[in-house]
Ligand SMILES: Cc1ncc(COP(=O)(O)O)c(C=O)c1O
Ligand SMILES: Cc1ncc(COP(=O)(O)O)c(C=O)c1O
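Protein chains in written order, with my numbering: chain P, 4 to 489; chain G, 4 to 489; chain U, 1187 to 1635; chain H, 1187 to 1635.
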């Protein structure tokens, strides 16, 4: 029984208050003296008017129309939707972290600076890099920052290298970030193994190559075994190697980008280091670099001096700032707490279990769904619904059918190089029973595709709304409520 | 699509851990030296073994099978299910309140003692009583404590008065508490007005009367207008007047038990003062007394001295203790925060709106449901489903039908003196729109009772489980899971 | 007017509603309140505070207390500084749990009901008993209700209470009993343990039950074998108050014939909170289920055979049996029981055992070091768990004042309740006390002049 | 091994699974990692901590910071100490919001999608603009993305930036622009306000946009009438960074022809959190919607005609348009936007006006008292909102050190970024500063030798 949820603007009535503020405790001056009429707002501010209780009911009802990792299995490929430990939430809201101003004098924030210093030490060890900046606030911004560092490196050698090479399997943010930092994108095809085509790469490499952006394991969940050759080839032409760290959850303790020849790395703390995805953020895309790129890092960096920790602004070659202040400190606090509890053995076991869970699930699902690369995968694998498509059932339909089983579907239609892609990443925080239940659901859907395809293409049936018309949402664009739209 | 929720004991597997503890940081002695084998546990401790993430998913799923005040309208008569302000939750968990030990020296808990002192001052003013004890942790225990004080008062006058008079409309805890404190219960009938029958009361009064327990307004939501006469009659025979404060939400700022001649009062902070009901507790049943009962109050009381606040144990006539320590302090903190924000005008407006909402809703519902006492009510009113019963639909069925509308039903079958009772208490924190929507649902159910009674007796249809077999739950009693019950 | 954000009715709506019900003003709805009783003017309360000001006021009150996070506490005596996994408050913080009331409408309350059923199961697993209720107020009232139940079951009106039971618990028991004309007889201790001979002498046909606490208030684990048989032979029951954190290591009460098991459950996932809200747990044997106080959740099925849970055996309760109810309890400590259930499930068998071992080892370490200090003596020989009694070279008040200046909360002063011990204090060491904190305590103790 | 409570696989299950997939050990699954790259031994990380120890470690780090609740802060400069209603964190604390990811599967994400749609609506109501996105990283990157969008819309590659814009924002803009070979030209200020003549002279056919901040970094509300017309005549756009808390009182950007409105939304329901996570809000006119960076939620219907919400115009985004996307942003500041939406809805029109008035009056009160102190001068004449620039009799560093000793966080030291001002600091007074705190600041300022 589907019930529409009213919008905030269709509720409440004039005069209701959701919050109480103190009276003014200073002698008040006439408004005209402080803010002349000509600078004053004319149009009414018609925000909703509701009591606290009504607002809480509204958002409680909205929350029950939403699925999170705590609601059920969330195998969204490439997003590493692992469980978010609750202690991290409690630590991040401590006034000693949440109520610090970024411009406070270093001597008043020694605890925060020490946390950043220790977090950097840990992430350096996990990645094999030499220095870390916490300023980039998401993976995409980490890519932008990394490419800016690469640009500064080449420009310091007065080389204006124009091209950034990116595998066709890379995440959309890679080419977008390259474009945003003024580079020309050269797409490198994958070979039959689903890995970077070494020949094609070598052909594309040249004096104009600024960098190769690589995700390892790649977005097919396969380790780029030729990495050492690739690194050598790129460095040979004077290019640099960029590591998209979104898939680091597959190799912690097993392999480090720093040892694979990468010059600059971004990590997604909201993926690998278990900070919550927040409905689409906030995340943190910290960037690690090898020695040669350190001079160009955004300022300031955290240093440990005799009188304690301090922000070092004395970086003459720094590219400056990519964020108003010091990045998403609140997210780093959660990731640091996670690292403290996992330790070296724990992080390695997390990767081992993530890879084990992925291979276990792949083994079961490949009975009913095409698997382009049928060999052990890393932390994720990509199925193809090409067989199902023959019955008129696309990957997207399979995803919608999964909603009725209480599972969040895998990523669909990415990577683009797999037709009707279904990218599955279970992560290490799922139990064997959950993997089995998910496999049973996928097997039942595969059976339905054969016996009653319409049942699948009509899904979902149990969600708060039926299948939504995405085309109409573009054609009849409505991106805000307006009184007329009543 | 109803899905059963697995029990904790049907999940997980041996070796899984839900929490991590530190290693022992002191030199460990052999267990046999510290705890000889003969004192050691023999039977296995087969608690569940689950990871933190699986446990969170279990309890998140359980929460989504439950309705709270934040989920929707909760007009459960006599329970005052008003909105619980969120600030109260944040204040109560401050380490400065949540992490105090009850036996700390007074000098280390001056903030806590001042809070109790100020809370007492506020509650004395609202009730018109002379002293307050915070030790009783629920209304029922407040009744027990009040009756013990009454017993001590009479015994101090070496009178062993045996009888406690209780109106037939009173809540079950009143007679149960009287019995638990060794009294004989004498039930006083209500008259045609739905109020205490003054004649019958006077007949029952005598030298053996220890006290009259009265709820005002009573559980029909009607003010006991003869209260002054009643008080005089009781005092005349040397009896005392006990006030069940569960319905105080109707009269804050309008009338005070202390002015009505009551000698002892209990309040339900989890009703009138907006602390959350917690799924059935914790609550707080603070007790207020007039001067003559002060000497017998449980010890200690909070006093303000020159060097600050202190616990006063010097109460020679005190009845001693009714709780291991100082009552539900964490609940008092929330109620005190609520009182600070409401102030005198706010509390009075709360009662005014509670009464206005009840009368507005009663006016609409009496069109379709029998109303025994058709005159303005206080904060709640009691409908009767006698007409519906003629179509074979009982009050209980109407309640089950309301579940499908997302409303928690009114209290059913209480007070016992109304046949097929439906006791509705909207409280002041509900908007007019919610009252209208609830009325529409009740009107639709009344229509269905006429047109398709089976539709109503078969409800609920949308809840996680269908109508549950309460008889079988007693006949085939299972009050715990056991491995055999697999 | 502050507090307005908890009052959705606007002035316009109030007048519209008044018109709809035919009243001119709200006062018209209060005409049934006799003038003599009508409160005149405004209640004399402090001016209302906005949320911002209220937060400031309450934070300043909180800041004027020394809390257990700011110092090393060795205070026990019934309320304990045990570790609480973060996830506990993330479950009890779900509004569907903490804003709901007693699950009267089962089909809409399966979350609370199943959580209670699982809590009842785990209390039985911990104690070895066959049935547990949904919760009572605290350890003290749970023990008192257990004693009242024993009288009801045996039809007798006297209970024997060891002096080793907490003085707070004995005070509440005394109060509950004298109100109903029931008697308590206190049995003495010898060397800090209940005098077995006194028990044997006192147990007679008029005794409903023997009441003991394990560990007792001095921290000692008393020998229990043979006690239950002795009582049962006389038609009496064994009623115990136990520390749930000891049970992973110590005999489960069912293993030595206990009839009614009660105790304080605060240590399982609830903060000390200045002594409340706490959690009284209560368990008994199958045959006494119908005599048990409090609410009980039971399993059943819906009309499709789907499993569900309901409040069962409600006929024993006050809202039905009124004066003949087994107890007057209505609202109990439901949310604190939920916290305990989450705690037990999170710890699991291995975690519970680890907590108990940490308490056992750390308390033993502290005991050994204190015993080595001249002027101090471990008052009684015997087997301890996490608390122990120490005879002091100076008054506990003076000692604790000195310890406070070094940011330590010393042991519980026993002299007021057990004058026979002279200057003595009850020290408690849980898994949250580090070795460094214990060593600092020992150093500070040494410093007595 | 700590962290085990986040790893449900038991050793038994690991071996069963390995058997099922035909591998002897986990290492078999890593054979594709070339030996030269295989990490040998254990990573050198500090020993793992249990939850109890981790909490202790993190609490001690937190305690070594002076936080805004322990002192009176007059620091602003882009991150503000505004009051946050308690209910905000009780909404963002619902796991269905904070553990979800971007709402790709709309039918299972209506909660996040409707919350974004409502957030977008309220940002439009506040700014007067016609379309807003779901959120960007912070005020700085939002302004930079607004400038990049202006270049894309106009096909031009130069923007004019007032020196009155935050130096942090200008640094990020500079960085974003020089990476893409776009140019920024800084326009000077006169008396703390953008030099209007300089603007008129600089605006030409090659200029994509004029970028200003209102209030500007000195706290001044600059005159804006005529600016937009001047720009539009030359085919250029007006791009602004605004303080959302000023908009209930100050002209909405749409009222003076602004094309792209950005700003820092942290002040609406998010704690300062040492400068992150913050909230970049972004709004524009209907005609530029398809050029807007970031995610956008749109309304649609399901097959029964029931209303629902989806991510719309996704073709502009990186996961589809890749290098031709309007922006590379993927994860944004969704939960901080949810907090802002709850804040705006809780405040409502009256509450937002009250907050703005409190800031305006309290800042004016502080300004007046400081101006009366000899040695101090309000650097610029003009209309202020909640921040103002003060010329100091001593170096801001020295002054702030002295203030710190009296538990006061003084104003932001402007000398490093605006040497032309000599010794000057930017003071911020919000509704959370009490009169007593302002008076204490003024007394402390007086005390300079
Ligand atoms: C492989 C890969 N790279 C980069 C990104 C971008 O990271 P963010 O969303 O943190 O900007 C993602 C995000 O999903 C990703 O999966
Ligand atoms: C009228 C009345 N009196 C007393 C009580 C008992 O209060 P408590 O549940 O707090 O013990 C109630 C509880 O619902 C009640 O409604």
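Every residue gets a Cβ at the ideal spot worked out from N, C-alpha and C, and that includes glycine. Only a predicted model underlies this, so the values are computations on that prediction, with no experimental measurement involved.
Between which two residues does the beta strand (DSSP E) harbouring residue i extend?
| i | result |
| --- | --- |
| residue 216 (chain P) | 212-218 |
| residue 1614 (chain U) | 1610-1614 |
| residue 165 (chain P) | Unbroken run through residue 165 (chain P): none, as it is neither H nor E. |
| residue 1370 (chain U) | 1369-1373 |
| residue 1470 (chain H) | 1466-1470 |
| residue 1450 (chain H) | 1446-1450 |
| residue 8 (chain P) | That residue, residue 8 (chain P), is in no beta strand (DSSP E); it is neither H nor E in DSSP. |
| residue 1400 (chain U) | 1393-1400 |
| residue 187 (chain G) | 187-191 |
Should residue i go down as buried or exposed, given a rule of 16 or more other Cβ atoms within 10 Å for buried?
| i | result |
| --- | --- |
| residue 178 (chain P) | buried |
| residue 4 (chain G) | Any reading at residue 4 (chain G) must be qualified, since the residue scores a pLDDT of 46, below 50, and its modelled position is unreliable; no value is offered. |
| residue 1528 (chain U) | buried |
| residue 459 (chain P) | buried |
| residue 1472 (chain U) | exposed |
| residue 7 (chain G) | exposed |
| residue 1599 (chain U) | buried |
| residue 1491 (chain H) | exposed |
| residue 20 (chain P) | buried |
| residue 1584 (chain U) | exposed |
In the DSSP assignment, the alpha helix (DSSP H) including residue i goes from what residue to what residue?
| i | result |
| --- | --- |
| residue 1547 (chain H) | 1520-1557 |
| residue 1355 (chain H) | 1353-1365 |
| residue 474 (chain G) | 473-478 |
Original post:
In the segment 413-451 of chain P, which residue ranges form an unbroken beta strand (DSSP E) of at least 3 residues, counting only runs that do not cross its ends?
Top reply: 424-427
Original post:
In chain order, which beta strand (DSSP E) runs of at least 3 residues are fully inside the segment 71-157 of chain P?
Top reply: 134-136
Subject >> Heavy atoms of ligand 1 versus C-beta positions, residues under 6 Å >> reply: P:81, P:82, P:141, P:142, P:143, P:174, P:176, P:218, P:222, P:247, P:249, P:271, P:286, P:288, H:1516 and H:1517
**OP:** Pick out the complete beta strand (DSSP E) segments inside the segment 260-328 of chain G, 3 residues or longer, and give them in chain order.
**Re:** As summarised for the segment 260-328 of chain G, the continuous beta strand (DSSP E) elements at least 3 residues long and confined to that stretch are 267-269, 290-292, 304-308 and 311-315, given in chain order.
Original post:
Going along the chain, which residues of the segment 1344-1372 of chain U sit with their C-beta nearer than 9 Å to a C-beta in chain G?
Top reply: Per Cβ criterion, the list reads 1352, 1354, 1355, 1357, 1358, 1360, 1361, 1362, 1364, 1365, 1366, 1367 and 1368.
**OP:** Jot down the residue ranges of each uninterrupted alpha helix (DSSP H) in the segment 1250-1309 of chain U, minimum 4 residues, whole runs only, in chain order.
**Re:** 1273-1278 and 1281-1284
Original post:
If contact means a Cβ-Cβ distance below 8 Å, which residues of the segment 1259-1283 of chain U contact chain H?
Top reply: 1269, 1271, 1272, 1276, 1279 and 1281
**OP:** Could you please tell me which residues of the segment 1227-1238 of chain H, in chain order, have their CB closer than 8 Å to any CB of chain P?
**Re:** Listed by position, the residues of the segment 1227-1238 of chain H near chain P (Cβ gap below 8 Å) are 1228, 1229, 1230, 1231, 1232, 1233, 1234, 1235, 1236 and 1237.
Subject >> the segment 337-358 of chain P: positions lying closer than 9 Å to chain G by Cβ >> reply: 344
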